[in-house]
Amino acid sequence: MAKLYSETPKIENLNPKDETVSFILNYSKALSVINYKNMEFEALLN
Amino acid sequence: MQNTQTSDATLVTNYIAGQENALEILVKRHKQRIYSFIYSKVYDRDVAEDIFQDTFIKVIKTLKKGKYNEEGKFLPWVMRISHNLVIDYFRKNSRMPKFDNNSDFDIFSVLSDDTLNAEKSIIKNQVESDVRRLVDELPDDQREVLFMRLYQDMSFKEISERTGVSINTALGRMRYALINMRKIIEKHNIILTN
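These protein sequence lines are chains D and H, in that order.
Each residue of the first sequence is one higher than the last, beginning at 0 in numbering that gives the first Met the number 0.
Each residue of the second sequence is one higher than the last, beginning at 0 in numbering that gives the first Met the number 0.
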């Protein structure tokens, strides 16, 4: 049988780091979008 | 648990209404699928992490701006965003290839920095001032020829015309200038290397 020289890394149950997830959640809490007339502002309150 | 019962659509609606914890449930529910998808394309944990983060920043912005129209397809929509960001990443990389330094290949063996470091530039200045002092020690006629030849890059023909002597005299003065400088260097044991 032909030999396979390429190796396909196994992808199993990969999860992002907890810091990344918590960054996303904190970003969401800090961001507020303000609509004024037909303008749009993003405010990042940290 | 409530997590498994509440549909994505309801959570999205709740999140838009201001319930921050709805997003937490959504992220925790789908993080593995989205992250694995990104990783399966880029094969780099850090890059996957970055793209995962950017994906959700886009998701959050779109939801908060009220630009998301719910069609019961939250996950496919997020997957599409991450897919586009993966494409962006590869596009950017093909424009600006990244080299990883590993044991086989070191980019700094190919690239070098030609500018002198602080120590070498000090040495260079010292050598140059030593040479200038050596030149000052020479008799006027020799110094004149050496200066024109080396600093002004003139030919011996031009030097002979300018100084009003024959080419041979100019050549001889240059020769003696160099001999004299070597003598002074040897006598005072001056080191002129960097």
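Cβ coordinates follow ideal geometry from the N, Cα and C atoms, glycine included.
- How is the beta strand (DSSP E) around residue 41 of chain H delimited, first residue to last? Careful: residue 41 of chain H lies outside any beta strand (DSSP E), inside the alpha helix (DSSP H) at 19–41.
- Item | Coarse secondary structure for residue 165 of chain H, derived from DSSP in three states | DSSP places residue 165 of chain H in coil when its eight states are reduced to three.
- Between the beta-carbon of residue 15 of chain D and the beta-carbon of residue 14 of chain H, is there less than 7 angstroms? Going by C-beta atoms, residue 15 of chain D is not nearer than 7 angstroms to residue 14 of chain H.
- Cβ pair residue 158 of chain H, residue 169 of chain H closer than 7 angstroms: Yes. Within cutoff.
- C-alpha gap between residue 192 of chain H and residue 114 of chain H, whole angstroms: Rounded to the nearest angstrom, the two C-alpha atoms are 17 angstroms apart.
- Task: Identify, in the order they occur along the chain, each residue of the same chain with its Cβ nearer than 8 angstroms to the Cβ of residue 146 of chain H, setting aside the five sequence neighbours on each side.
- Result: Around residue 146 of chain H: 134.
- Message: Spatial neighbours of residue 153 of chain H within its chain, please: C-beta separation below 6 angstroms, excluding the five flanking residues on both sides.
- Response: If we look at residue 153 of chain H and ignore the five residues flanking it on each side, its Cβ neighbours are 147.
- Message: Can you confirm whether residue 73 of chain H, when its beta carbon is compared against all beta carbons of chain D, has any partner nearer than 7 angstroms?
- Response: Chain D contact via Cβ: absent.
- residue 141 of chain H and residue 161 of chain H look like a contact to me (Cβ under 8 angstroms); what is the Cβ gap, rounded to whole Å? In fact, because the Cβ distance is near 15 angstroms, the residues do not count as touching under 8 angstroms.
- Query: What did DSSP end up calling residue 84 of chain H once you bin it into helix, strand or coil?
  - Reply: Helix, per DSSP.
- Task: Consider the Cβ of residue 93 of chain H: report whether some Cβ of chain D lies at a distance smaller than 7 angstroms.
- Result: Chain D, which has no Cβ nearer than 7 angstroms to the Cβ of residue 93 of chain H, makes this no.
- Task: Check each residue of the segment 12–25 of chain D: if its Cβ is closer than 8 angstroms to any Cβ of chain H, include it; give the result in chain order.
- Result: Correct list: 12, 13, 14, 15, 16, 19, 20, 22, 23, 24.
- Which residues of chain D have a Cβ atom closer than 8 angstroms to the Cβ of residue 64 of chain H, listed in chain order? Within 8 angstroms Cβ-Cβ: 32, 39.
- Task: Could you tell me the distance, in whole angstroms, from the CA atom of residue 87 of chain H to the CA atom of residue 94 of chain H?
- Result: Straight-line Cα distance between these residues: approximately 11 angstroms.
- Looking at chain B, which residues of the segment 24–41 of chain H have a Cβ within less than 7 angstroms of any of its Cβ atoms? Although the question refers to chain B, the structure presented lacks it and instead comprises the protein chains D and H.
- Are at least three pairs of beta-carbons, each pair with one atom in the segment 103–114 of chain H and one in the segment 72–79 of chain H, less than 8 angstroms apart? No: the two stretches stay apart, fewer than three of their Cβ pairs being nearer than 8 angstroms.
- Message: Against chain H, with Cβ distances strictly below 7 angstroms, would residue 27 of chain D count as a contact?
- Response: Yes, residue 27 of chain D lies at the interface with chain H (some Cβ there is under 7 angstroms from its Cβ).
- Message: Once DSSP output is grouped into helix, strand and coil, what is the label at residue 40 of chain D?
- Response: Residue 40 of chain D falls in the strand class under three-state DSSP.
- Message: So that I know if they touch, is there some Cβ in chain D lying closer than 7 angstroms to that of residue 22 of chain H?
- Response: With respect to chain D, the C-beta atom of residue 22 of chain H has a partner C-beta closer than 7 angstroms.
- Task: Count the other C-beta atoms from every protein chain shown that fall within 10 angstroms of the C-beta of residue 52 of chain H, then say buried if there are 16 or more, exposed otherwise.
- Result: When all chains shown are included, residue 52 of chain H counts as buried.
- Please check the pair residue 19 of chain H and residue 28 of chain D, which I expect to be a contact at CB under 8 angstroms, by giving their CB distance rounded to whole angstroms. The C-beta distance from residue 19 of chain H to residue 28 of chain D rounds to 6 angstroms, short enough to meet the 8 angstroms contact threshold.
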